[in-house]
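Visitor: Positions in the sequence shown are counted from 1; adding 2 to them yields our numbering.
Glycine is no exception: its CB is placed at the ideal position from the N, C-alpha and C atoms.
None of the values given here were measured: they were computed from a predicted structure.
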Amino acid sequence: MNYRHAYHAGNFADVVKHAVLAMVVTALKRKETPFFALDTHAGIGAYNLEADEAQRTGEFKGGIARLLEAAMPPSALDPYLAAVRAVNPAGGCTCYPGSPELVRGMMRATDRLALVELHPEDVDVLRHRFAADRRVGIHHMDGYVAVKALLPPPERRGLVLIDPPFEVKDEHERLLVALRRIRRRWANAITLVWYPIKGMEPVERLYGALRSEGGVETLAVELMLRPPVDPFRLNGSGLVVVNPPWGLDRDLAALLPWLTSVLAPEGGFYRQEVLVAEADLRG
3 MNYRHAYHAG NFADVVKHAV LAMVVTALKR KETPFFALDT HAGIGAYNLE ADEAQRTGEF
63 KGGIARLLEA AMPPSALDPY LAAVRAVNPA GGCTCYPGSP ELVRGMMRAT DRLALVELHP
123 EDVDVLRHRF AADRRVGIHH MDGYVAVKAL LPPPERRGLV LIDPPFEVKD EHERLLVALR
183 RIRRRWANAI TLVWYPIKGM EPVERLYGAL RSEGGVETLA VELMLRPPVD PFRLNGSGLV
243 VVNPPWGLDR DLAALLPWLT SVLAPEGGFY RQEVLVAEAD LRG
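Written out as structure tokens, the structure reads:
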């Protein structure tokens, strides 16, 4: 309950996470039938980069600001960059769209979005921000409870974004329980799980658990600023994508080298790995 994303909005981890999220939403929109999106840790929806919190850390300067200054971004980034520009109609980047605003901006009239947030002040901000949009529902509850309470949706297709603050020691265990529940209740959902990388031991444990359980196709994507030798620093971040849309692996393979060169030009590196192959289904 103490984590405040306003200090970190628009940093390198947000850029990677939201770029992939925008690619997934774009893929869902290729079909005319409506989709449903569940954001289990929604935050406040969008962030003022001129506010004291963002200015105090300046993390956005190494993230979205660097991306907007880069020449000739790959076309795979078009939906994400369009979402950033949509909340900055005067130009520049003084507002950063979190996942709720990014998805809302890409939705069609028939699509739906459920935003879940446990922090009472953040829930009030979300309710105010999205009050006029009937497509968006706000839920004051634990994000892991929401996976049981709000799934499966009547739309039967869509995505789940799990983006916790990692303030508790058993976060990885809670993630695995949530992923099992999603698989049982909404088997064809595209699920994105974000996680920070300080050291590799907890990350490799997560990967090992996902490999051993099998299931639908599962990708892991990491972008590292530096080797993860200092467990007290945010050395990188990762995304697990369960049931990725067709072609996402190919698009990421083309995008990640460019993103790494822009966001981590001094010693950065990336990794893309198939944890569970499509032909390796175990149940």
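Do you know how far the Cα of Cys95 is from the Cα of Arg284?
Guide: Any reading at Arg284 must be qualified, since the residue scores a pLDDT of 41, below 50, and its modelled position is unreliable; the value itself is stated next. Each residue's Cα considered, the two are about 46 Å apart.
Visitor: Throw me the rounded Cβ distance for the Ala266 and Val242 pair, which I believe falls under 8 Å.
Guide: Not quite, the Cβ-Cβ distance comes to about 20 Å (not below 8 Å), so this is no contact.
Visitor: With distance defined between alpha-carbon atoms, name the residue in Val278, Asp113, Thr35 and Asp54 nearest to Ala211.
Guide: Ranking the options by Cα distance to Ala211, first place goes to Val278.
Visitor: Expressed to the nearest angstrom, what Euclidean distance is found between the alpha-carbon atoms of Ile199 and Pro155?
Guide: Approximately 32 Å, taken between the alpha carbons.
Visitor: Out of curiosity, what's the CA-to-CA distance linking Leu152 and Ala15?
Guide: The straight-line gap from Cα to Cα measures roughly 27 Å.
Visitor: Is the beta carbon of Met108 less than 8 Å from the beta carbon of Ala85?
Guide: Result yes, Cβ atoms of Met108 and Ala85 sit closer than 8 Å.
Visitor: DSSP beta-bridge partners for His141?
Guide: Answer is Val118, bridged to His141.
Visitor: Which residue marks the beginning of the beta strand (DSSP E) containing Tyr209, and which one marks its end?
Guide: Run containing Tyr209: none in the beta strand (DSSP E); it sits in the alpha helix (DSSP H), Glu203 to Glu215.
Visitor: Sorted by chain position, which residues of the same chain lie with C-beta nearer than 8 Å to Pro259's C-beta, five sequence neighbours on each side aside?
Guide: Correct list, in chain order: Tyr272.
Visitor: Return helix, strand or coil for Val170, following the three-state DSSP convention.
Guide: Correct three-state label for Val170: coil.
Visitor: Could you tell me which of Leu236, Arg176 and Leu178 sits nearest to Met202, measuring between CA atoms?
Guide: If we check each option's Cα against that of Met202, Leu236 comes out closest.
Visitor: Do you know whose CA, among Val276, Ala21 and Leu40, lies nearest Met143's CA?
Guide: Met143 has its Cα closest to that of Leu40, out of Val276, Ala21 and Leu40.
Visitor: For Ala56 and Ala24, which I take to be in contact (beta-carbon distance under 8 Å), what is that distance rounded to the nearest angstrom?
Guide: Rounded, the Cβ-Cβ distance is 21 Å, inconsistent with contact.
Visitor: Can you give me the Cβ contacts of Arg176 inside the same chain, cut-off strictly under 7 Å, excluding the 5 residues immediately before and after it?
Guide: Excluding positions up to five away in sequence, the list reads Tyr146.
Visitor: To the nearest angstrom, how far is it from the Cα of His2 to the Cα of Lys63?
Guide: Beyond the ends of the chain as shown, which are 3 and 285, falls residue 2; an answer cannot be given.
Visitor: Under 8 Å by Cβ, that's how I've got Ala116 and Leu161 pegged, so tell me the actual separation to the nearest angstrom.
Guide: Wrong, their Cβ atoms sit about 11 Å apart, outside the cutoff.
Visitor: Rounded to a whole number of angstroms, what is the C-alpha to C-alpha distance between Phe37 and Val26?
Guide: So the alpha carbons of these two residues sit roughly 11 Å apart.
Visitor: What would DSSP say about Leu300, mapped onto helix, strand or coil?
Guide: Past the boundaries of the shown model lies residue 300; the chain is included only from 3 to 285, so the question cannot be answered.
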